[in-house]
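Encoded as structure tokens, the structure appears first; notes follow it.
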Amino acid sequence: MSFVIRFGIIAVLCIAAYNAEDLIVGTSGTLAYSDNVKISSIPLSTRSKNIFYNTQDTAKIIKGLSVVDLAKSKARATVTSGGVGSTYVNIKLKSERGEGLNYLVQVYV
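The sequence shown runs -20 to -1, 1 to 89 under mature numbering (1 follows the signal peptide of the UniProt record, and there is no 0).
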């Protein structure tokens, strides 16, 4: 019984420690785009950045997106247009107030 309680506490602590807002959509394939987005913080203000990927080759359809928060912050990543099944994607990254951004953005075709 005490093993189960200890395991449960450790599991809850591990989940609480990993509080990042990662965005992973679709499947991996051939890496078509990769960027490490790093923006420093400004006190009392939020930071945001839009990431645009577009291919002119209509045969290359996006199969997956991986947007990983390397800082493990509470910043958010959202797909504003396009995405999986399209030839383009627009991703908006937005930080918490007073925090910066540190994301690895990857697009797979």
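In this text, a Cβ means the ideal position worked out from N, Cα and C, and glycines have one as well. Given the structure is predicted, the values throughout are model-derived calculations rather than measurements.
Going by beta carbon distance, what residues of the same chain come within less than 6 Å of residue i, once the five residues before and after it are set aside?
| i | result |
| --- | --- |
| residue 54 | 76 |
| residue 20 | 80 |
How long is the line joining the alpha carbons of residue i and residue j, rounded to whole angstroms?
| i | j | result |
| --- | --- | --- |
| residue 37 | residue 11 | 15 Å |
| residue 26 | residue 60 | 18 Å |
| residue 40 | residue 28 | 28 Å |
| residue 72 | residue 85 | 11 Å |
With which residues is residue i paired in a DSSP beta bridge?
| i | result |
| --- | --- |
| residue 11 | 88 |
| residue 55 | Looking at the DSSP assignment, residue 55 forms no beta bridge with any residue, so it has no partner. |
Should residue i go down as buried or exposed, given a rule of 16 or more other Cβ atoms within 10 Å for buried?
| i | result |
| --- | --- |
| residue 15 | exposed |
| residue 4 | exposed |
| residue 31 | buried |
| residue 45 | buried |
What residues in its chain sit with their C-beta under 8 Å from that of residue i, if we drop five residues either side in the sequence?
| i | result |
| --- | --- |
| residue 65 | 41, 42 |
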